[in-house]
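Under this note's numbering, read the sequence shown as residues 120 to 392, first letter to last.
In this text, a Cβ means the ideal position worked out from N, Cα and C, and glycines have one as well.
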Amino acid sequence: MKQKKEKAFDKEWKKATLANNFIFYKVMRHHQDACKQLLEMLLKIKIRKMEMHNEETIDLDHDKKGIRLDVFVKEARRMHDIELQVVNTKELPKRARYYAGLMALDSLKDGEPYKNLRDSHVIFICMKDVFKTGLPVYTFENICQENGKTKLNDRDFKHFFIAPTCAKIIEDKELKAFFELLVSNKSGSTYTSTLKKYVDDAKQNMQWRHQYMTYLRQRNYDLEEGRQKGRNEKAIEDALVLVKEFNISPEEAAKKMNASIEKVKELAVEFNQ
Numbered sequence: 120m121k122q123k124k125e126k127a128f129d130k131e132w133k134k135a136t137l138a139n140n141f142i143f144y145k146v147m148r149h150h151q152d153a154c155k156q157l158l159e160m161l162l163k164i165k166i167r168k169m170e171m172h173n174e175e176t177i178d179l180d181h182d183k184k185g186i187r188l189d190v191f192v193k194e195a196r197r198m199h200d201i202e203l204q205v206v207n208t209k210e211l212p213k214r215a216r217y218y219a220g221l222m223a224l225d226s227l228k229d230g231e232p233y234k235n236l237r238d239s240h241v242i243f244i245c246m247k248d249v250f251k252t253g254l255p256v257y258t259f260e261n262i263c264q265e266n267g268k269t270k271l272n273d274r275d276f277k278h279f280f281i282a283p284t285c286a287k288i289i290e291d292k293e294l295k296a297f298f299e300l301l302v303s304n305k306s307g308s309t310y311t312s313t314l315k316k317y318v319d320d321a322k323q324n325m326q327w328r329h330q331y332m333t334y335l336r337q338r339n340y341d342l343e344e345g346r347q348k349g350r351n352e353k354a355i356e357d358a359l360v361l362v363k364e365f366n367i368s369p370e371e372a373a374k375k376m377n378a379s380i381e382k383v384k385e386l387a388v389e390f391n392q
C-alpha cells in the first residue's frame, strides 16, 4: 500500500503544471521577472522595482493554519500577496483578511505614522468561482454600508481572479493566455512559454521534489488520521447505543464495537448522571 501511494505521489509530481499551487509558488517565488509581469497584468500597474519580501518557509509539519504557499512582494508604496487557490476551502475571505493584516504589521516600523502604510493588495487566483456569480474578477475594498459609495480609503484591496472564467471572456490577450495556461496547460504567448519552461525547470529540482513529496505524505497522513478519528467516534457512538438501548455493560459494548473502553465508560457515566 505504501509503495502504491509513493508511485501515486511521483505521478502527481510528474504531471504537475502551473495550476499546481506548489509549482506556482516555486515559479513565482524564484523568478521575479515572471511574478512582476503577472502582477502588472493582473492589477494593470507598472512596477519599477520590487522585492520578494518573505523568506521562503514551507511548513511541512503543518501548523494550525496549514501550509502557506503565498508570495509576498513589496514595492515602495505597495505590497502584494499572491497565491494560487486550487480548491474552494470556504475560508478565502477570512484568509484574505489575515494576509492583509500581516502585511499591515510588516509595513510599519515602531513609531512610524499610519500614513506610511503601503497600499495592500491580496490576490487569489482561483480555479473555481468561490462566489458563484459568474464574474471573472472580484475586487473588494471597504465602502460605507449606509450609502454604498463613500470609501474608507484605507487602500486595502482584495482581488479574486477566477481562472476558468477569465480564460473565456477577458479581452486582454496576454492575460487571457496566462489563464488559458492555468486551465488547459496550453501556451499562447511568449510569457506563457517562459512560464512553461520555468515549470519544467522546477520539476527537475530534486530539493523541491523532496519538499513536495514530504508535503504529500504529511497531507495523506493527516487525511488518514482524520478518517480514523471519524471511525473511532462512530464506534463510540454505536457502543453507547448498545449501553443505552440494550442495557449492555460499557465494557462489553466497547468490545463489540471495537471502541475505546475508557471513553465508553466515561460517557456512559455522564449519561446516567
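Pairwise C-beta distances place the region 284-296 out of contact with the region 213-221, as fewer than three of them are shorter than 8 angstroms. Judged by their CB atoms, Val146 and Ala138 are not nearer to each other than the 8 angstroms cut-off.
DSSP places Val205 in the coil class of the three-state scheme, outside both helix and strand. Collapsing the DSSP output to three states places Asp238 in a strand.
In its chain, beyond the 5 residues on either side, Ala296, Phe297, Leu300 have a beta carbon closer than 7 angstroms to the beta carbon of Thr311. One Cα belongs to Ile166, the other to Arg148, and the distance between them is close to 16 angstroms. Taking 8 angstroms as the cut-off, the beta carbon of Trp132 is found closer than this to the beta carbon of Tyr331. According to DSSP, Cys285 shares a beta bridge with no other residue.
The beta carbons of Ile201 and Ile242 sit closer together than 8 angstroms. Counting along the chain, the unbroken beta strand (DSSP E) around Lys193 starts and ends at 190-193. Annotation: Lys375 to Asn351 spans about 13 angstroms, alpha carbon to alpha carbon. According to the DSSP assignment, Phe141 belongs to the alpha helix (DSSP H) that extends over 140-149. Distance check between Lys270 and each of Phe259, His278, Phe280 places Phe259 closest, using alpha-carbon atoms only.
Taking 8 angstroms as the upper bound for CB-CB distance, Phe280 and Leu161 are in contact here, some 6 angstroms apart.
Taking each of Asn366, Glu370, Lys287 in turn and checking the Cα distance to Gly253, the smallest one comes out for Lys287. The C-alpha of Trp327 is placed about 7 angstroms away from the C-alpha of Ala321.
In this chain, the alpha helix (DSSP H) harbouring Tyr217 covers 211-226. Put simply, of Arg196, Val192, Arg187 the residue whose alpha carbon is nearest the alpha carbon of Leu203 is Arg187.
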